[in-house]
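Numbered by our numbering, the letters in the sequence shown go through residues 143 to 344 in order.
Yeah, the Cβ is synthetic: ideal placement off N, Cα and C, and Gly gets one too.
Keep in mind the model is a prediction, meaning the values are calculated, not measured.
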Amino acid sequence: FSERDNWVFFDIGANNGSSTIRYCNCFRNAKAHLFEAHPQIVEEAIKNVKQSSRGKRISIHSFAISNKDGTAQFFVSSIPTKKDWRQNHSDSSSLLEPGEHKTLYPHVVFEDIIEVQTKRLDNLISKGEIPVPHFIHMDIQGAEKLALEGLGKYFEEVEAIWLEVSNCELYKNQVEINEIETIMREIGFKKEIDTVNEVFGD
143 FSERDNWVFF
153 DIGANNGSST
163 IRYCNCFRNA
173 KAHLFEAHPQ
183 IVEEAIKNVK
193 QSSRGKRISI
203 HSFAISNKDG
213 TAQFFVSSIP
223 TKKDWRQNHS
233 DSSSLLEPGE
243 HKTLYPHVVF
253 EDIIEVQTKR
263 LDNLISKGEI
273 PVPHFIHMDI
283 QGAEKLALEG
293 LGKYFEEVEA
303 IWLEVSNCEL
313 YKNQVEINEI
323 ETIMREIGFK
333 KEIDTVNEVF
343 GD
């Protein structure tokens, strides 16, 4: 991608926008679409994007990517010991109810549930609201299969995907790494990098 002009990447579960900004700093010809479900974290992302001077290349979308258009519960994580924005809404929030996450990471708590809008990527693309991405960065805490299903027929047009996956049920009813790999291989993807440990990885 570094030599390509005018390519597009999606940052799904972009949190406060820091990863989106890093990509834009590395790839000067890239245009980004940032997707984040939690409205207050979106505010953090907007602030960070403005401060980064990359705003002209980054579009921000305030909803969750899933396999259906509608609304859903969003389980909000927080880290009470933190002194920044993560004290009230941290980066482990998910469309899925927390499972083993509570035991493995007791410093992260889930006390709030909010309702968020959900959208399928293929519907947005077919309406011309967003382009087909060349690359996807995805970190959505167990909801990976939902987002991949939401790509529909455009899944096959994506060239590369970086995503965080789990090796255990951090969130209830989440799809673990083996099924994610099967889904992607059936589409034609080849795994190039694997940093997954006994709990999770990329």
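query                                                                                                                                                      : result
Got a sec? Which residues, its chain only, sit under 7 Å from V391 by beta carbon, not counting five neighbours each side?                                 : Given that the chain is displayed from residue 143 to residue 344, the structure contains no residue 391 and the question cannot be resolved.
Measuring CB atoms only, is the segment 301–321 touching the segment 253–271, in the sense that at least three cross pairs come out at less than 8 Å?      : no
Specify the secondary structure class of V191 as computed by DSSP and reduced to three states.                                                             : helix
How long is the line joining the alpha carbons of K332 and E299, rounded to whole angstroms?                                                               : 14 Å
Using DSSP with H/G/I as helix, E/B as strand and the rest coil, what is Q215?                                                                             : strand
Going by C-alpha distance, which of S160, I200, E186 is nearest F151?                                                                                      : I200
Can you round the beta-carbon distance between P207 and I154 to whole angstroms, since I take them to be within the 8 Å contact cut?                       : First, the residue type needs correcting, since residue 207 is Ile and not Pro in the sequence shown. Confirmed, about 5 Å.
Over what stretch of residues does the beta strand (DSSP E) that includes K134 continue unbroken?                                                          : Any answer about residue 134 is impossible in this case: the structure gives the chain only from 143 up to 344.
Suppose the cutoff is 7 Å on Cβ atoms and the five residues either side in sequence are ignored; what does the same chain contact list for T213 look like? : E257, V258, Q259, T260
Is the Cβ-Cβ distance between F169 and S144 less than 8 Å?                                                                                                 : yes
Look up Q182 in the DSSP assignment and say whether it is helix, strand or coil.                                                                           : helix
Would you mind stating whether E239 and K314 have Cβ atoms separated by less than 8 Å?                                                                     : yes
Going straight from the alpha carbon of D344 to that of I282, what length do you get?                                                                      : 12 Å
So, are the CB atoms of L237 and V341 less than 8 Å apart?                                                                                                 : no
For the beta strand (DSSP E) containing S234, list its first residue and its last residue.                                                                 : S234 -> no beta strand (DSSP E), and no H or E assigned at all.
Name the one or two DSSP bridge partners that Q259 has.                                                                                                    : T213
Just verifying my parser: in three-state terms, what is the DSSP assignment at Y247?                                                                       : coil
Taking just the CA atoms, how far does H231 sit from V218?                                                                                                 : 6 Å
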